[in-house]
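Numbering follows full-length UniProt numbering, with no gaps: position 1 of the sequence shown is 1.
Structure first, commentary second.
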Amino acid sequence: EKKHQIIHGYSRYMFPMVTGFMNYGQQTVRAARYIGQSFMITLSHANRLPVTIQYPYEKSITSERFRGRIHFEFDKCIACEVCVRVCPIDLPVVDWRLETDIRKKRLLNYSIDFGICIFCGNCVEYCPTNCLSMTEEYELSTYDRHELNYNQIALGRLP
């Protein structure tokens, strides 16, 4: 009774260990190949131009259809309040007085609170006199939300 029989030059106890080393070697080669492939992909991405912009120094270019801050022309407004009716949140505040001698409304004050505005553009689209327009201005951040309530003077400034 031999405890160690010879199988192809190896004892039967050595055979699993040797095949394990062969699998280990194959796995090592496979892992090195995968690492090499991923490294090549990384190097191919290194030659690309950067996607991000450095915001305060480089500003992004807005599209034609961008809906930024609303610009208001006081002289064109007839105080018809269409902008208030089409606004989903009834945001524009239009103060007017009826001039009895000429039977027309006279605009006194116009304001929009951009802290509440959702920039849907309905007011601009439905304005019959085109006194409202969307600008490309998107830098409206402030520390005090009350500064986001723009009156007709602030709305009249171009960006």
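Note that CB positions come from ideal geometry on N, CA and C, so glycine has one too.
From the options, pick the residue whose C-alpha is nearest to that of residue i; which is it?
{"i": "LYS76", "options": "VAL84, SER133, ASP144 and TYR55", "result": "SER133"}
{"i": "TYR138", "options": "GLY115, ASN122, CYS123 and PRO128", "result": "GLY115"}
{"i": "ARG69", "options": "VAL84, CYS123 and ILE89", "result": "CYS123"}
{"i": "GLU125", "options": "ILE41, THR42, VAL84 and HIS146", "result": "VAL84"}
{"i": "VAL93", "options": "ILE102, ASP101, LEU107 and ARG103", "result": "LEU107"}
{"i": "SER141", "options": "ILE61, ARG30, ASN23 and PRO56", "result": "PRO56"}
Tell me, to the nearest whole angstrom, how far the beta carbon of residue i is from that of residue j; I am working on the premise that it is less than 8 Å.
{"i": "CYS131", "j": "PHE72", "result": "6 Å"}
{"i": "PHE74", "j": "GLU136", "result": "Wrong, their Cβ atoms sit about 21 Å apart, outside the cutoff."}
{"i": "ASN47", "j": "ASN109", "result": "ASN47 to ASN109, Cβ: 57 Å. No contact."}
{"i": "VAL82", "j": "PRO128", "result": "6 Å"}
Can you tell me whether residue i is helix, strand or coil according to DSSP?
{"i": "ARG69", "result": "coil"}
{"i": "SER60", "result": "coil"}
{"i": "GLU125", "result": "helix"}
{"i": "ASN23", "result": "helix"}
{"i": "TYR150", "result": "strand"}
Who are the near neighbours of residue i in its chain, counting only those whose CB is closer than 8 Å to its CB and skipping five residues on each side?
{"i": "ASN149", "result": "SER111, ILE112, ASP113, PHE114 and GLY115"}
{"i": "LYS105", "result": "ILE78, ALA79, CYS80, TRP96, ARG97, LEU98 and GLU99"}
{"i": "GLY156", "result": "HIS71, PHE72, GLU73 and PHE74"}
{"i": "LEU158", "result": "HIS71 and THR135"}
Identify, in the order they occur along the chain, each residue of the same chain with its Cβ nearer than 7 Å to the Cβ of residue i, setting aside the five sequence neighbours on each side.
{"i": "LEU91", "result": "ILE112, ASP113, ILE116 and CYS117"}
{"i": "PRO64", "result": "It is Glu, not Pro, that sits at residue 64 in the sequence shown. Excluding positions up to five away in sequence, the list is empty."}
**Message:** Report the start-end ranges of each beta strand (DSSP E) in the region 77-145 that is 3 residues or longer and not cut off at the edges.
**Reply:** 93-99, 104-113 and 132-134
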